[in-house]
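Listed in order, the protein sequences are those of chains A and B.
Note that this note's numbering gives residue 12 to position 12 of the first sequence, counting from 1, and the numbers run on in steps of one.
Note that this note's numbering gives residue 20 to position 20 of the second sequence, counting from 1, and the numbers run on in steps of one.
Positions of the beta carbon are idealized from the N, C-alpha and C atoms, including for glycine.
This structure is a prediction, so every number in the text was calculated from the model and none was measured.
One structure below.
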Amino acid sequence: MSNLLSNYLNTPANWVKTAHAEYPYQVEIQGKTWQIRINDFPAEPMYTLLVEGKVIGSFDDWSSQWQR
Amino acid sequence: MTLMNRKASILLSFVLSLFLSSSVFANEAISAVKETVAGSVDTAKTELIQEATEKAKAVATEAVTEKLVDTEKEKTPSTNAEIRQWYNDQVSTIPEQDKKWVAEGLTVQQRAQKAYDIRHHARIQAREFMQNKEEVTALQARDTAKYGNPDGPTFEYLVKKGTSKGLSEEEAYQNIIGSANRTNAAYNKKFGVKKEGESQ
């Protein structure tokens, strides 16, 4: 796992549920939009984190620092 | 012969015949008793053997069940990362199995269906392993939106997807056999998810 993704995963966030099945969570942090994409798990990683539409990285298990 | 002797002779004959009759009857009775006793012993033996067999079966079944439960506990993945690892182990058997299917003379369509079944069942089982049921619901919602099916793409969907991209049916089937074992290689490499048989 990249240091960049680890930093995001360790940043506390209160995610808000969206109506979009593929992008079910979103949050605004320091003026930037974070999004969670759900992938074709288990063939693919469970989640992908995007910030301002840019892919930061993918991971399987939800961060304990994040509330949803 | 005197009258007296004749009477005695008749009486003797009568007593003798009575004795012989009773003797035959007694022998028959003894044989019948013997058969009954032997039958009872056989029945008792059979019942004892059946009882012992049932007890042995119950003990063996309990032992095997406990062992299976223990093995299942040891093998059951719990985190999503472990579940992905388990899934990869399941689908990584497909290439070897496909070689057998080819040797058995299965058509490419039959092989594609079998490969799809392995992947699909592993997908369903993986979701059953997941501890967080909200995540399962989210995956089902995503699959419904994407494939029109909460359990992921159907076999027909994948064939249609292949042919709509310009593949022939045979190529679409071949693609399914290949894709049944295709996972996110980059992610696996990055996060150390290994396929069965890879060194740790």
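Exercise. What residues from the region 3–33 of chain A come within 7 Å of chain B, judged by C-beta to C-beta, listed N to C?
Worked result: Ala21, Glu22 and Pro24
For this session: Report the partner residues of Ile38 of chain A according to the DSSP bridge assignment.
Result: A:Tyr47
Exercise. Which chain A residues sit within Cβ distance under 7 Å of Arg111 of chain B?
Worked result: In chain order: nothing, as chain A lies at least about 19 Å away.
Exercise. So Glu135 of chain B is in the alpha helix (DSSP H); what residue range does that whole segment cover?
Worked result: For Glu135 of chain B, the enclosing alpha helix (DSSP H) covers residues Lys133 to Tyr147.
Problem set entry | Between the CA atoms of Ile177 of chain B and Tyr103 of chain B - distance to the nearest angstrom | It should be pointed out that residue 103 of chain B corresponds to Ala in this sequence rather than to Tyr. Straight-line Cα distance between these residues: approximately 15 Å.
Exercise. With a cut-off of 8 Å, does the C-beta of Leu139 of chain B fall near any C-beta of chain A?
Worked result: Yes, contact with chain A.
For this session: Anything in the region 36–61 of chain A with a Cβ closer than 7 Å to a Cβ of chain B? List those residues in chain order, please.
Result: Ile38, Phe41, Pro42, Ala43, Glu44, Pro45, Met46, Ser58, Asp60 and Asp61
Exercise. Using DSSP with H/G/I as helix, E/B as strand and the rest coil, what is Thr93 of chain B?
Worked result: coil
Exercise. Given that Lys146 of chain B touches chain A, what residues does it touch there, using C-beta distances under 8 Å?
Worked result: Ala21 and Glu22
Exercise. Taking the alpha carbon of Ala122 of chain B as the point to measure from, which residue in B:Asp151, B:Gln174, B:Lys55 and B:Ser9 has its own alpha carbon closest?
Worked result: Cα-wise, what sits closest to Ala122 of chain B is B:Asp151.
Exercise. Between the region 16–25 of chain A and the region 35–52 of chain B, do at least 3 Cβ pairs fall closer than 8 Å?
Worked result: no
Exercise. In terms of residue numbering, what span does the beta strand (DSSP E) encompassing Tyr25 of chain A cover?
Worked result: Annotation: the continuous beta strand (DSSP E) that includes Tyr25 of chain A extends over Tyr25 to Ile29.
Exercise. Can you list, in chain order, the residues of its chain whose CB lies under 7 Å from that of Tyr87 of chain B, leaving out five sequence neighbours each side?
Worked result: Ala122 and Ala126
For this session: Note down, in chain order, all residues in the region 77–109 of chain B with a beta-carbon under 7 Å from any beta-carbon belonging to chain A.
Result: Thr79, Asn80, Ala81, Ile83, Arg84 and Tyr87
For this session: Using a Cβ cut-off of 8 Å (strictly closer), state whether Ala115 of chain B contacts chain A.
Result: no
Exercise. At a CB-CB cut-off below 7 Å, which residues of chain A make contact with Ala126 of chain B?
Worked result: Pro42
Problem set entry | Own chain, CB closer than 7 Å to Asp98 of chain B, minus 5 neighbours either side, in chain order | Arg111, Ala115 and Ile177
Exercise. Which two residues bound the contiguous alpha helix (DSSP H) that contains Lys161 of chain B?
Worked result: Phe155 to Ser164
For this session: Could you check the C-alpha separation between Val16 of chain A and Glu171 of chain B for me, to the nearest Å?
Result: 43 Å
Exercise. With respect to the alpha helix (DSSP H) encompassing Gly178 of chain B, which residues constitute its N-terminal and C-terminal limits?
Worked result: Counting along the chain, the alpha helix (DSSP H) containing Gly178 of chain B begins and ends at Glu169 to Ser179.
Problem set entry | Start and end residues, alpha helix (DSSP H) containing Ser6 of chain A | Asn3 to Leu9
Exercise. Looking only at DSSP bridge pairs, what is Phe59 of chain A linked to?
Worked result: A:Tyr47
Exercise. With 16 other CB atoms within 10 Å as the buried threshold, where does Tyr48 of chain A fall?
Worked result: According to the sequence shown, residue 48 of chain A is Thr rather than Tyr. By the 10 Å Cβ count, Thr48 of chain A comes out buried.
For this session: Within its chain, find whatever has a CB closer than 6 Å to the CB of Asn10 of chain A; leave out the 5 residues flanking it on each side and keep chain order.
Result: If you ignore the 5 residues before and after Asn10 of chain A, its C-beta comes within less than 6 Å of the C-beta of Gln65, all in its own chain and listed in chain order.
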